[in-house]
Structure formats: structure tokens, C-alpha cells
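Participant: Line by line, the protein sequences give chains L and S.
The working numbering numbers the first residue of the first sequence as 25 and each following residue consecutively.
The working numbering numbers the first residue of the second sequence as 25 and each following residue consecutively.
A virtual CB, placed ideally from N, CA and C, is assigned to each residue, including glycine.
Once you've had a glance at the structure underneath, I'll fire off some questions.
Number of protein chains: 2
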Amino acid sequence: MISVAIVDAETPGNVGTIARAMKNFGLEELLLVDPPELDRDGEAYGFAGQAREDILPNAREVDFEYLVENYHTVGTTAITNEDARSHVRYPFRTPREMADSLDGVAGDTCLVFGRERVGLTNEEMAALDEVCSIPASADYPVLNLGQAATIVLYEFRTLTVEETQLPDPTHDRAPDDQIEGLHEQFGAFLEAIDHPEEKRGKARRLWRRLLGRAHPTDREVVTLRGIFRRARQRAER
Amino acid sequence: MISVAIVDAETPGNVGTIARAMKNFGLEELLLVDPPELDRDGEAYGFAGQAREDILPNAREVDFEYLVENYHTVGTTAITNEDARSHVRYPFRTPREMADSLDGVAGDTCLVFGRERVGLTNEEMAALDEVCSIPASADYPVLNLGQAATIVLYEFRTLTVEETQLPDPTHDRAPDDQIEGLHEQFGAFLEAIDHPEEKRGKARRLWRRLLGRAHPTDREVVTLRGIFRRARQRAER
């Protein structure tokens, strides 16, 4: 199971934002170390969306040692070490690499997020098992706590989301014989509108390449065939 | 260039959150359609981090038509159509697929984000060129506006971030001869501590596999060699 811990957050709003992202990406267990007051009428619940119903009220207050003792811990940081001379924030993995590396590993993992301004201290990082860092602009790599957690949880969705809301787009492209029919229709259309004969081959190749890149759906092909058929008929009158 | 537009946002805080994510991921141009009041002492500037210095004060107020006429527009939505019978929210691409598909395409693109509660209307979506949707839990796929934009901009970083803050981890693993030296050291160590002779081969294979998975750094190998050398010497005394 993948859990989330927030260490010493200052603003309830960020706790709510993280709870919402957990709900959006299929996580359930939220652990809080030294949390701010989470008022039911305050920003934590206000920002949590549907996570106000379960994740937030079920969040457990624990101490830092509890995380270290009970989980494979992943510390998150914007700042990594330059190289292998220090091991506090090195080696690091990006969220995507981290999710990939944990795929197929049984056991409880906890993603640990630190304070708004200073993140996790070196002492805290040293006690955690792995280091995770989000690639961002070198000019301004420091993300807001809630936004950083949202990205990490989004990348972990391959481990935590069983089914997404998106229909499987695997078989969207129209059958090839329908697409070929459209190409024929387009050729007949060019003829009917008297597109110069010496240019028709080139126009048909251009059209084939354009459609080839666009992977047209069944509906698109049917509609376009109808349009070109009608255009040809009108031109031939 | 990749720009960002926010249509009819209600809460200044979300505008600030999006501006910050833009700065984190190397984008510059923010366009606002019917924005809320953005007070310099309010939440928009409060949530914007360093984007309060440039992106937010340089944001331009435009109308929706301006986006359609001047950009290749990508509408974002949590809700897609089930299949190809409707083209308002279909076909869709995930943010990662969308970024990949725009890689190498010259021309201005605008990522268009909608209102907090209802997103972009069907009429607005119909006027946009492509549809982007974030895969999330089927149970609760509706992300907060600021969090959704953060994820999309994170995925677009391959097109917008020239250099990240993360050191290039390509050559982290210690040289193979050093790792072999560690394996020899470990074997000598097993001998010195009188680990049962018939179990040594298995223990060495287990150790080799463990290190093989962990890709140890130079520093890790040097430190471990030192530790095993000292342990052997102590055991041999």
C-alpha cells in the first residue's frame, strides 16, 4: 500500500489539497506529523473536495519515528545534492522513476512531504529510505507543497488507481477499409471539381499524409465521406 | 511557444497557483478571460511565489475569441465522451500524450483551463482544437483547477523547461572494477568471520544480486569496502 505523510505543515489548506489529490489518485491513508489545527469549517476541509468525507477525518496523527519504523519511506525534496559525495539527498529518483521502481514491490511505502518553506530537514531526510525530486525549471524549482504532492501522487497513479475515468482509447481509429473508402471518395471529389489532373496525385498524397497523422475516428471518416460524396454529386450536376 | 489561458476563474488563489506552476515549469504567457479581481495583496499574488514578479503582473486580459483566432488551442476537461459518437470532448489525449504529440511542432499553442466548478462549457470546447484529460480515479476524477493545471504544466515541461535543477544522474553507478573489488572484499570478509564454507557461495550471490539492483554509487562502494576491510582485519586479529 502507498500512504502519505505530511510533516509539520503550517497551513491547513495544503493538507486539504493533498487529501484531495490522494482521493483523485486512489490513495487512502494520510499520516500527519505535528499537523496544524484542522477545523471542519476551515481551509483543510474546504480544499479537500470529496476527501473531506473519508481521508481527512480518518487521518492519523503520528510521530516521525513511526514512519521510519513502519514504512519504506520516500522523502520528497526540491533540492538534491550535486553528486555522490553526500547521501542525504542523493541518489534521487524522479516521481516517475520512483513509481516505476516500486512497481511489483510488495510492502508498505510512505511518501513523506515536508514543511511549506523549508521542506524536510537534513536530519529527517537522513532517516528516510529513498529521495524523490520533481524535475522543474532550474530558475525556480521550488514548488508549493500542495502542488508538489499533487504531481507525485499523479505519477504514482500507476500503482494506486485501479480504473481511471477515461475510456480506453485503444481502438479509436476507423477501420482501414473505411479510411481507404474516404481516400477514394476524395479522389472522385477532386475529379468532379476539375482539380487540375496533373496535381491530383500530389493532392491525394498530401491528404493521405494529413489523415495518416490524425488517426481519424469512425465518425470522422463517415462524416467526411458523406461531405465529399455530396460535394461530388453537386459538382457533377 | 506554449501559453496558458484561464477562462472565468472564480477564485484569485487558483490564478496564483497556476502562475506559480507556470514559473516552475518554464512558461511565461498567461491570458485571462473574465478574470476575478487580482489584488496585489490578495490570494492570487499570495499563492504565486516568484511568479508574482513577472507572470502575474504581465498577464493579459483577452476574450475567448482571441484564443481561438491566435492559437492552436488545447481544452482541458475531467469529463470526456465515452466514444467517437460525439466530438465535443473526443478524441482526447492525456497530458503526456499531448506533450509528446506537440514535440517538434512549430507554432503557438495555448492550454485552456476552465471554471472551478463546471470547467469549460460544451460550446467553448467545440471551438478548441484538441481535448486533454488527466487520468485519475474513476471514483473521483474531478481535480481542483489549480492542481489540474499543475499536472498539465508538469507534463509539458519537456517542451518548456530548458534546464532542470536536477543533476544529470546518467553516470552515477560506481565503475565495475570497484564493484568487483567490493565483491572480493565481501568474500574475504565472509571467510574471516568464519561464515560456514558451504554457505559462502550462496551468500556472495545474494549480495551480488542485491547490489546489482541497487546500482551503488562510487561513494557507497568505497565506504562499504572500507567497512568490510576493517571488519575482516578485526576478525583476523
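1) Between the alpha carbons of I203 (chain L) and A212 (chain L), how many angstroms are there, rounded?
2) What residue does the alpha helix (DSSP H) around H207 (chain S) start on, and which one ends it?
3) Let me check one thing: in DSSP terms, what residues is L135 (chain L) bridge-paired to?
4) For G99 (chain L), tell me which candidate among L:R44, L:E85 and L:T145 has the shortest Cα-Cα distance.
5) Please list, in chain order, all residues of the same chain as A45 (chain L) whose beta carbon is under 7 Å from its beta carbon, the five residues on each side excluded.
6) Along chain L, in chain order, which residues have C-beta atoms closer than 7 Å to that of I175 (chain S)?
7) So which residues of chain L does E187 (chain S) contact, with C-beta pairs closer than 8 Å?
8) Measure the beta-carbon distance from L62 (chain L) to V28 (chain L) and round it to whole angstroms, keeping in mind my assumption that it falls under 8 Å.
9) If you pair each beta-carbon of the stretch 147-162 of chain S with each one of the stretch 181-201 of chain L, do three or more pairs fall below 8 Å?
10) Within 10 angstroms of its Cβ, does Q257 (chain L) collect 16 or more other Cβ (buried), or is it exposed?
11) With which residues is Y241 (chain S) paired in a DSSP beta bridge?
12) Could you tell me if V136 (chain S) is buried or exposed, where buried requires 16 or more neighbouring beta carbons within 10 angstroms of its beta carbon?
13) So with CB distances below 8 Å, who are the chain L contacts of T104 (chain S)?
14) Which class does V166 (chain L) belong to by DSSP, given the choice of helix, strand or coil?
15) What residues in the stretch 231-251 of chain L bring their beta carbon closer than 7 Å to a beta carbon of chain S?
16) With 8 Å as the threshold, decide whether the Cβ of F137 (chain L) is near any Cβ in chain S.
17) Using a Cβ-Cβ cutoff of less than 7 Å, which residues in the same chain neighbour A123 (chain S) once the five nearest sequence positions on both sides are dropped?
18) Rounded to whole angstroms, what's the CA-CA distance from A151 (chain L) to P81 (chain L)? Just pull it up for me.
19) Quick one: what's got a C-beta closer than 8 Å to A227 (chain S)'s C-beta in the same chain, skipping five residues either side?
20) Would you say the beta carbon of I251 (chain L) is closer than 7 Å to some non-hydrogen atom of the ligand GTP?
21) What is the rounded straight-line gap between the Cα of P240 (chain S) and the Cα of E85 (chain S)?
22) According to DSSP, what are the bridge partners of T188 (chain L)?
23) Does DSSP classify G73 (chain S) as helix, strand or coil?
24) Examine chain L for any beta-carbon lying closer than 8 Å to the beta-carbon of P165 (chain S), and answer yes or no.
25) Hey, could you find the ends of the beta strand (DSSP E) E154 (chain L) is sitting in?
26) Establish whether the CB of N168 (chain S) and some CB of chain L are separated by less than 8 Å.
27) If contacts are defined as beta-carbon pairs under 8 Å, then N48 (chain S) and L167 (chain L) qualify, I think. What distance do you get, rounded to the angstrom?
28) Answer yes or no: does any C-beta atom of chain L fall closer than 8 Å to that of T41 (chain S)?
29) Any idea what DSSP makes of F252 (chain L), helix, strand or coil?
30) By the 8 Å beta-carbon criterion, what residues does the stretch 37-71 of chain L contribute toward chain S?
31) What residues of chain S sit near S27 (chain L), judged by a beta carbon separation below 9 Å?
32) I need the straight-line Cα distance from Q74 (chain S) to Y95 (chain S), nearest angstrom please.
33) Residues of the stretch 202-215 of chain S with a CB closer than 9 Å to any CB of chain L: list them in chain order, please.
34) To the nearest angstrom, how far is it from the Cα of D153 (chain L) to the Cα of E208 (chain S)?
35) Within a Cβ cutoff of 6 Å, which residues of the same chain sit near E260 (chain S), ignoring the five residues on either side of it in sequence?
36) Hey, does Q257 (chain L) have any beta-carbon neighbour from chain S nearer than 8 Å?
Facilitator: So, to answer that:
1) Roughly 14 Å between the two C-alpha positions.
2) Boundaries of the alpha helix (DSSP H) harbouring H207 (chain S): D200 to A216, taken from the DSSP string.
3) Residue pairing by DSSP places L135 (chain L) opposite L:V28 and L:V98 in a beta bridge.
4) Taking only the C-alpha atoms, the option nearest G99 (chain L) is L:T145.
5) The answer, listed in chain order, is A173, T174 and L177.
6) Those are T174, I175 and Y178, listed as they occur along chain L.
7) Residues of chain L passing the Cβ test: S161 and A162.
8) At roughly 15 Å, the Cβ-Cβ gap does not stay under 8 Å, so L62 (chain L) and V28 (chain L) are not in contact.
9) Contact holds: three or more Cβ-Cβ distances are below 8 Å.
10) Counting Cβ neighbours within 10 Å, Q257 (chain L) comes out exposed, since fewer than 16 surround it.
11) In the sequence as displayed, the identity of residue 241 (chain S) is Thr instead of Tyr. Residue pairing by DSSP places T241 (chain S) opposite S:R197 in a beta bridge.
12) By the 10 Å Cβ count, V136 (chain S) comes out buried.
13) Here the neighbours are Q189, L190 and P191.
14) Residue state for V166 (chain L) is assigned as coil, using DSSP reduced to three classes.
15) Cβ contacts with chain S come from T241, D242 and R243.
16) The C-beta of F137 (chain L) comes no closer than 8 Å to any C-beta of chain S.
17) Excluding residues within five positions, the ones whose Cβ falls inside 7 Å are E179, F180, T182 and L183.
18) Computed Cα separation, rounded: 28 Å.
19) Within the same chain, Cβ atoms closer than 8 Å to the Cβ of A227 (chain S) are found at L214 and H219, the five residues on either side in sequence being excluded.
20) Ligands displayed in this structure: none; no statement on the ligand GTP is therefore possible.
21) For P240 (chain S) and E85 (chain S), the distance between alpha carbons rounds to 53 Å.
22) Per DSSP, the beta-bridge partners of T188 (chain L) are S:S161.
23) If DSSP states are grouped into helix, strand and coil, G73 (chain S) belongs with the helices.
24) For P165 (chain S), the nearest CB of chain L lies under 8 Å from its own CB, placing it at the interface with that chain.
25) Per DSSP, E154 (chain L) belongs to the beta strand (DSSP E) from E154 to C156.
26) Closer than 8 Å to some Cβ of chain L, the Cβ of N168 (chain S) qualifies, so yes.
27) About 5 Å separates the beta carbon of N48 (chain S) from that of L167 (chain L), a gap short enough to meet the 8 Å contact definition.
28) Contact of T41 (chain S) with chain L is assigned, a C-beta pair being separated by under 8 Å.
29) Shown here, F252 (chain L) sits in a helix according to DSSP, grouped into three states.
30) When CB distances to chain S are screened at a threshold of 8 Å, the residues of the stretch 37-71 of chain L falling below it are T41, R44, A45, K47, N48, F49, G50 and F71, in chain order.
31) Result: empty, since nearest Cβ-Cβ is about 16 Å, beyond 9 Å.
32) Cα-Cα distance, rounded: 26 Å.
33) Residues of the stretch 202-215 of chain S with a C-beta less than 9 Å from any C-beta of chain L: none at all.
34) Rounded to the nearest angstrom, the two C-alpha atoms are 27 Å apart.
35) Cβ neighbours of E260 (chain S) within its own chain (closer than 6 Å, five residues either side excluded): A216.
36) No, because no Cβ of chain S sits closer than 8 Å to the Cβ of Q257 (chain L).
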